[in-house]
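Everything below concerns the one structure shown next.
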Amino acid sequence: MTTTTHELAISATGLRKAYGDKTVLDGIDLAVPAGTVFSLLGPNGAGKTTAVKILSTLVTADAGELRVGGHDLAVDAQAVRAAIGVTGQFSAVDGLITGEENMLLMADLHHLSKQEGRRVAAELLERFDLSDAAKKPASTYSGGMKRRLDLAMTLVGDPRIIFLDEPTTGLDPRSRHNMWGIIRELVSGGTTVFLTTQYLDEADELADHIAVLNDGTIAAEGSAEELKRLVPGGHVRLRFTDPDAYRSAATALREVTRDDEALSLQIPSGGSQRELRSILDWLDAADIEADELTVHTPDLDDVFFALTGGAKVPHQPSETDQPKENVR
Amino acid sequence: MSSLSLAVRDSSTMLRRNLLHARRYPSLTLNLLLTPIMLLLLFVYIFGDVMSTGIGGADRSDYIAYLVPGILMMTIGGTVIGAAVSVATDMNEGIIARFRTMAIHRGSVLVGHVVGSVIQCVASVILVGAVAVAIGFRSTDATPLEWLAAFGLLALFSLAFTWIAVGMGMASPSAEAAANSAQPLILLPLISSAFIPADTMPGWFQPIAEYQPFTPAIETLRGLLLGTEIGNNWWIAIAWCVGLTVLGYRWSTASFNRDPK
Numbered sequence: 000m001t002t003t004t005h006e007l008a009i010s011a012t013g014l015r016k017a018y019g020d021k022t023v024l025d026g027i028d029l030a031v032p033a034g035t036v037f038s039l040l041g042p043n044g045a046g047k048t049t050a051v052k053i054l055s056t057l058v059t060a061d062a063g064e065l066r067v068g069g070h071d072l073a074v075d076a077q078a079v080r081a082a083i084g085v086t087g088q089f090s091a092v093d094g095l096i097t098g099e100e101n102m103l104l105m106a107d108l109h110h111l112s113k114q115e116g117r118r119v120a121a122e123l124l125e126r127f128d129l130s131d132a133a134k135k136p137a138s139t140y141s142g143g144m145k146r147r148l149d150l151a152m153t154l155v156g157d158p159r160i161i162f163l164d165e166p167t168t169g170l171d172p173r174s175r176h177n178m179w180g181i182i183r184e185l186v187s188g189g190t191t192v193f194l195t196t197q198y199l200d201e202a203d204e205l206a207d208h209i210a211v212l213n214d215g216t217i218a219a220e221g222s223a224e225e226l227k228r229l230v231p232g233g234h235v236r237l238r239f240t241d242p243d244a245y246r247s248a249a250t251a252l253r254e255v256t257r258d259d260e261a262l263s264l265q266i267p268s269g270g271s272q273r274e275l276r277s278i279l280d281w282l283d284a285a286d287i288e289a290d291e292l293t294v295h296t297p298d299l300d301d302v303f304f305a306l307t308g309g310a311k312v313p314h315q316p317s318e319t320d321q322p323k324e325n326v327r
Numbered sequence: 000m001s002s003l004s005l006a007v008r009d010s011s012t013m014l015r016r017n018l019l020h021a022r023r024y025p026s027l028t029l030n031l032l033l034t035p036i037m038l039l040l041l042f043v044y045i046f047g048d049v050m051s052t053g054i055g056g057a058d059r060s061d062y063i064a065y066l067v068p069g070i071l072m073m074t075i076g077g078t079v080i081g082a083a084v085s086v087a088t089d090m091n092e093g094i095i096a097r098f099r100t101m102a103i104h105r106g107s108v109l110v111g112h113v114v115g116s117v118i119q120c121v122a123s124v125i126l127v128g129a130v131a132v133a134i135g136f137r138s139t140d141a142t143p144l145e146w147l148a149a150f151g152l153l154a155l156f157s158l159a160f161t162w163i164a165v166g167m168g169m170a171s172p173s174a175e176a177a178a179n180s181a182q183p184l185i186l187l188p189l190i191s192s193a194f195i196p197a198d199t200m201p202g203w204f205q206p207i208a209e210y211q212p213f214t215p216a217i218e219t220l221r222g223l224l225l226g227t228e229i230g231n232n233w234w235i236a237i238a239w240c241v242g243l244t245v246l247g248y249r250w251s252t253a254s255f256n257r258d259p260k
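As they're listed, the protein sequences go chains A and B.
Residues in the first sequence are numbered consecutively from 0, following numbering that gives the first Met the number 0.
Residues in the second sequence are numbered consecutively from 0, following numbering that gives the first Met the number 0.
Right, dumping it as structure tokens:
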């Protein structure tokens, strides 16, 4: 542990926090190597935001050894603050002043010279597609624009470590994809990103390493691939409209999982072309004709449901509801 | 950068932000000016003759002279309500969370509010003072030194009440709650010697009227501008100002340094 500490941008050991008698974080361990994207994934109320608030020096932990940017949070919070940037779930922009004034305020607080401040502000406003709205009060911005301004403000100080607390919650699909592009750009520049999200596809898209937080503890962690291996493999799903056809298929196939209410059968399968062909041959041989055939490969949804008991996950954006492949 | 120059630089940045808010949205400050100006006109033009007889004056102009120092102090009590409201509003905004996670001087957020509010108080006092002069108020015998002392007293009083108002703003969950809890600051002058001399009030009430912060400050200002007897009022006023400043400062910074929810 001691040999790797200096390469870790963020590390936490035994992080614990309770509000009154409600334990929010129950002794979690985190290790984020510099220059990577770490995603803390969890349902609402899992403790994600609390973790970000603690690691970004906003609130103090009850227990735990915490280091961010090489500095001990308990000893030198101000040095941690100098290394980080935070974009929270609720936009941290000053709505009463314009976008440009918000940027210049940040430049002043980072002690940039007037000239340098104006240059950085203009550059970031341009990069985040806010130049046209720069002279309008931030309170008139749309949700996506506010989030972009928020992130642009965070970047004024050129932080090495960025905390993004649910950066795309409440954004429309286009704004989400824009935000993803921005985050990828940051990472390619060497910035360490600590991302919380309740969207599985977002963690899958962006993160090198994912920790699933549930009820204040880390339920599992690893890369997206590693997490997917935690749940049973994929399957082919056959759906019938005619109950008789369904019953005869179910009898003929035997080695399947039945769902009598939906009139559908699940056949275990990894989803490769070869496996698929043999299943089709088998169905032909048994003279079974399903009305719909879909192939499911395990995704983080399955992992998430398996780990968290499922019930608490909010509705996912429609694009993740689509099966990976569709054969008719 | 040394910690002092960091403090000064960040505080002046926060002050600029505060004044920008005030300039962009002047309605709050201007609304708060309405009460003292309305009371001034009401008591001079509607009640003026009766009030004048009450203080043993000849006509309305005597009462103007008596009333104006109290109205000026009341203007401060009103203007700082704006500070309570804007602090409470600010604390509910995400931007404060951002400031807390930045390597800036921690006190600068509050210092920006306080200095901004004192500047607004002074500007308000000058505006209300101009109205008073327009309806006939004149300082009878103030020397330049007395003018300076009067100005210093008004500024010190503004500082003291601003810190208290900032503490109230910090302790309030919302802007509405802040406006309510700061309301006594503009009502307190009604039970001071602002409108009628404290010794004309019922005996049991006189100690309250006499020793609350407004009366000694008003009496001192009256003495400086109109040459009335100041007596021990000046140091009671200064003691109040210093005490309230320390109290408000402690209260505000303690709430600011507490973990946010």
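Every residue gets a Cβ at the ideal spot worked out from N, C-alpha and C, and that includes glycine.
Using the rule of at least 16 other Cβ atoms within 10 Å of the residue's Cβ for burial, across every protein chain shown, is S2 (chain B) buried or exposed?
exposed
For D71 (chain A), name the three-state secondary structure that DSSP assigns.
If DSSP states are grouped into helix, strand and coil, D71 (chain A) belongs with the strands.
Looking only at C-alpha atoms, which of B:P196, B:T252, B:T219 sits nearest to W239 (chain B)?
B:T219
Relative to chain B, which residues along the segment 49-61 of chain A have a C-beta separation below 7 Å, given in chain order?
Of all residues in the segment 49-61 of chain A, S55, T56, L57, V58, T59 have a Cβ within less than 7 Å of some Cβ in chain B.
So, is the C-beta of H20 (chain B) closer than 9 Å to a C-beta in chain A?
Cβ-Cβ to chain A under 9 Å: yes for H20 (chain B).
E100 (chain A) burial status per 10 Å Cβ neighbour count (16 or more: buried):
Under this definition E100 (chain A) is a buried residue.
So with CB distances below 7 Å, who are the chain B contacts of R80 (chain A)?
T100, M101, A102
So, do the segment 138-146 of chain B and the segment 216-236 of chain B have three or more beta carbon pairs nearer to each other than 8 Å?
yes
Use the C-beta contact count for H5 (chain A): other C-beta atoms within 10 angstroms, 16 or more gives buried, fewer gives exposed.
With a pLDDT of 48 at H5 (chain A), under the threshold of 50, the modelled position of this residue cannot be trusted; read the value that follows with caution. The residue is exposed, with fewer than 16 neighbouring Cβ atoms inside 10 Å.
Using a Cβ-Cβ cut-off of 9 Å, state whether L150 (chain A) counts as contacting chain B.
no
Classify S51 (chain B): buried if its beta carbon has 16 or more other beta carbons within 10 angstroms, exposed otherwise.
S51 (chain B) comes out buried.
Can you give me the Cβ contacts of G142 (chain A) inside the same chain, cut-off strictly under 7 Å, excluding the 5 residues immediately before and after it?
G169, L170
Taking the alpha-carbon positions, what's the A248 (chain A) to R273 (chain A) distance?
22 Å
Check whether the Cβ atoms of A208 (chain B) and S192 (chain B) sit closer than 9 Å, and answer yes or no.
For A208 (chain B) and S192 (chain B), yes; Cβs fall inside 9 Å.
Return yes when the Cβ of K134 (chain A) is within less than 9 Å of the Cβ of T97 (chain A), no when it is not.
yes
Would you report the Cα separation of S90 (chain A) and L104 (chain A), rounded to the nearest angstrom?
16 Å
Among A:L282, A:E254, A:H208, which residue has its Cα nearest to the Cα of E224 (chain A)?
In terms of Cα proximity to E224 (chain A), the closest of A:L282, A:E254, A:H208 is A:H208.
Would you mind telling me which residues of chain B sit closer than 8 Å to G87 (chain A), beta carbon to beta carbon, in chain order?
G93, A96, R97
Is there a C-beta anywhere in chain B that falls below 9 Å from the one on P136 (chain A)?
Closer than 9 Å: yes.
Roughly how many angstroms separate the alpha carbons of D117 (chain A) and L129 (chain A), rounded to a whole number?
The sequence as given places Arg at residue 117 (chain A); Asp does not occur at that position. Each residue's Cα considered, the two are about 15 Å apart.
Among the candidates B:L66, B:G55, B:M200, B:S85, whose CA atom is the shortest distance from the CA of R16 (chain B)?
B:S85
Assign K47 (chain A) to one of two classes, buried (16 or more other C-beta atoms within 10 Å of its C-beta) or exposed (fewer than that).
buried
Residues near I278 (chain A) in its chain [Cβ-Cβ closer than 7 Å; skip 5 each side]:
V235, I266, S268
Please work out which residues of its chain come closer than 6 Å, Cβ to Cβ, to K52 (chain A), disregarding the five sequence neighbours upstream and downstream, and give them in chain order.
V58
Is L262 (chain A) helix, strand or coil by DSSP?
coil
Output the residue ranges of the beta strand (DSSP E) runs that lie fully inside the segment 57-130 of chain A and measure 3 residues or longer, sorted by chain position.
62-67, 83-86
In angstroms with no decimal places, state the Cα-to-Cα distance between G68 (chain A) and Y198 (chain A).
27 Å
Any 3 or more C-beta pairs closer than 8 Å across the segment 43-57 of chain B and the segment 94-111 of chain B:
no
Classify V211 (chain A) as helix, strand or coil using the three-state DSSP reduction.
If DSSP states are grouped into helix, strand and coil, V211 (chain A) belongs with the strands.
Cutoff 7 Å; reference L185 (chain A); Cβ partners in own chain excluding five residues on either side:
I161, V192
Let me confirm a value: V31 (chain A) is counted as buried when at least 16 other C-beta atoms fall within 10 Å, else exposed. Which label applies?
buried
Chain-ordered chain A contacts of T28 (chain B) [CB-CB under 8 Å]:
Simply none; closest approach about 14 Å.
Assuming Y62 (chain B) is part of the alpha helix (DSSP H), what are its boundary residues?
59-90
DSSP three-state call for E204 (chain A): helix, strand or coil?
helix
Report, in whole angstroms, the separation of the C-beta atoms of P206 (chain B) and M72 (chain B), which I expect to be a contact under 8 Å.
Wrong, their Cβ atoms sit about 19 Å apart, outside the cutoff.
Can a CB atom of chain B be found closer than 9 Å to the CB of L108 (chain A)?
yes
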